[in-house]
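Q: Residue numbering for the sequence shown follows the numbering used here, beginning at 106 and increasing consecutively.
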Amino acid sequence: MRVVLFTIGNYEVHSYGVVVALAVLLALGVARYLAEGTLYKEHIGNMLPYVIAGAILCARIWHVFFFQWGYYSEHPIEILYIGQGGIAIQGALIGGFAAALFYTRKHRLSFWKLADLLAPAIVLGQSIGRIACFLNGDAYGSPTGLGFGLVYPEGSMAHDVYGSQPLWPAEVWEGQWDLIVFVILILLRNKKWPSGVLFLIYNIMYSFGRFNLEWLRGDSPRYAFHWTAGQWTSFSVIAASLCLIVFLVQRDHKKLNEVPVSP
Numbered sequence: 106m107r108v109v110l111f112t113i114g115n116y117e118v119h120s121y122g123v124v125v126a127l128a129v130l131l132a133l134g135v136a137r138y139l140a141e142g143t144l145y146k147e148h149i150g151n152m153l154p155y156v157i158a159g160a161i162l163c164a165r166i167w168h169v170f171f172f173q174w175g176y177y178s179e180h181p182i183e184i185l186y187i188g189q190g191g192i193a194i195q196g197a198l199i200g201g202f203a204a205a206l207f208y209t210r211k212h213r214l215s216f217w218k219l220a221d222l223l224a225p226a227i228v229l230g231q232s233i234g235r236i237a238c239f240l241n242g243d244a245y246g247s248p249t250g251l252g253f254g255l256v257y258p259e260g261s262m263a264h265d266v267y268g269s270q271p272l273w274p275a276e277v278w279e280g281q282w283d284l285i286v287f288v289i290l291i292l293l294r295n296k297k298w299p300s301g302v303l304f305l306i307y308n309i310m311y312s313f314g315r316f317n318l319e320w321l322r323g324d325s326p327r328y329a330f331h332w333t334a335g336q337w338t339s340f341s342v343i344a345a346s347l348c349l350i351v352f353l354v355q356r357d358h359k360k361l362n363e364v365p366v367s368p
């Protein structure tokens, strides 16, 4: 774990920001490659500022209200201090998707077709992003209670909470799960699906892994059923995605069975 990669004078270059920037660039490159030969390729770069703005805004809101509201309710001015850290990936995804929906509506594009193209690139970026969490010492797990696990160094958030206890590598395993989802999506994209279904499969697979790995997290408050905010979000996303898949498949089937009326 290395929070600060190096310093330039008095300026510290943090590993989190560097790795997240690399993750965004990699995801952008993969997205453009997957969109080759489609009208969406030219829009991916143009849409990026909208997506980044929506992702950062919603990621901050998600973190403040679902993860550390007890603290920020007493220090409301610090909600604006995003440079000090504190964003949530699920909030970033929701904000980014909302921004993409706005962009596609504005330019009269199919959100579902674009989402299908972007899904593998998004989850690959998420996988790299979890490396940033590991280097930064956040999104850490709870104590394993065994003789193995990640031991975070002094000065990290995990060490401040748990000391030198071995912790479950929750963020590392999530990054590995995201890579598995990426490979599965690449294989599935060669099959014919109703528009939007591949994107919803991504939502379900990512959320399934996130829900189960949240049992190992040691940095999240728990609510009803002893679920974290991440688990409640994952459950909601899975339920909504399943309903949308049924709707999209039925709509596609209906269109295929429509008989054109002769003039």
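All C-beta atoms, glycine included, are put in the ideal place defined by N, C-alpha and C.
(1) Just to confirm, is the Cβ distance from glutamine 231 to aspartate 283 under 8 Å?
(2) Could you tell me whether the Cβ atoms of alanine 160 and leucine 229 are closer together than 8 Å?
(3) Between which two residues does the beta strand (DSSP E) containing valine 109 stretch?
(4) Quick check on DSSP: helix, strand or coil for arginine 327?
(5) Taking just the CA atoms, how far does proline 274 sit from tyrosine 257?
(6) Less than 8 Å between the CB atoms is what I'm expecting for proline 225 and leucine 290, so what's the real figure, rounded?
(7) With distances taken between CB atoms, is the gap from glycine 242 to serine 261 smaller than 8 Å?
(8) With a floor of 4 residues, list each alpha helix (DSSP H) that falls wholly inside the segment 157 to 245, ordered by position along the chain.
(9) So for leucine 272, helix, strand or coil by DSSP?
(10) Identify every residue that forms a DSSP beta bridge with tyrosine 116.
(11) Which word fits asparagine 308, buried or exposed, when buried means at least 16 other C-beta atoms lie within 10 angstroms of its C-beta?
(12) To the nearest angstrom, report how far apart glycine 114 and cysteine 238 are at their CA atoms.
(13) Let me check understanding here. Comparing Cα to Cα, which of Ile227, Leu222, Asp324 lies closest to tyrosine 245?
(14) Measuring only the C-alpha atoms, how far is tyrosine 267 from proline 248?
(15) Please name the residue in Trp217, Arg137, Leu162 whose C-alpha comes closest to that of glycine 201.
(16) With DSSP run on the structure shown, which of helix, strand or coil describes serine 341?
(17) Please report the straight-line C-alpha distance between glycine 234 and serine 215, rounded to a whole angstrom.
(18) Alpha carbon to alpha carbon, what distance is there between arginine 210 and glutamine 173?
(19) Indicate, with yes or no, if the ligand ZN has a heavy atom lying under 7 Å from the CB of isoleucine 184.
(20) Taking DSSP's pairing of strands, which residues face threonine 333 in a bridge?
(21) Taking the alpha-carbon positions, what's the tyrosine 138 to glutamate 183 distance?
(22) Answer with buried or exposed for asparagine 362, where buried requires no fewer than 16 other C-beta atoms within 10 angstroms of its C-beta.
(23) Go to methionine 262, then tell me how far its alpha helix (DSSP H) extends in each direction, as first and last residue.
(24) In whole angstroms, give me the CA-to-CA distance for tryptophan 167 and leucine 198.
(25) Can you tell me which of the three DSSP states proline 154 falls into?
(26) Please identify the residue among Leu349, Lys218, Ala329 whose C-alpha is closest to the C-alpha of arginine 294.
(27) Count the other CB atoms within 10 Å of the CB of tyrosine 186; is the residue buried (16 or more) or exposed (fewer)?
A: Reading from the atomic positions:
(1) Contact: yes.
(2) No.
(3) 109 to 113
(4) Look at arginine 327 here: in three-state DSSP terms it is strand.
(5) So the two alpha carbons sit approximately 11 Å from each other.
(6) 4 Å
(7) yes
(8) 174 to 177, 194 to 211, 216 to 241
(9) Here leucine 272 sits in strand by DSSP.
(10) Ile113
(11) buried
(12) 25 Å
(13) Asp324
(14) 8 Å
(15) The residue with the shortest Cα to Cα distance from glycine 201 is Leu162.
(16) helix
(17) For glycine 234 and serine 215, the distance between alpha carbons rounds to 27 Å.
(18) 34 Å
(19) This structure lacks the ligand ZN; in fact it carries no ligand of any kind.
(20) Arg327
(21) 40 Å
(22) By the neighbour-count criterion, in which a residue is buried when 16 or more other Cβ atoms sit within 10 angstroms of its Cβ, asparagine 362 is exposed.
(23) 262 to 267
(24) 11 Å
(25) helix
(26) Lys218
(27) exposed
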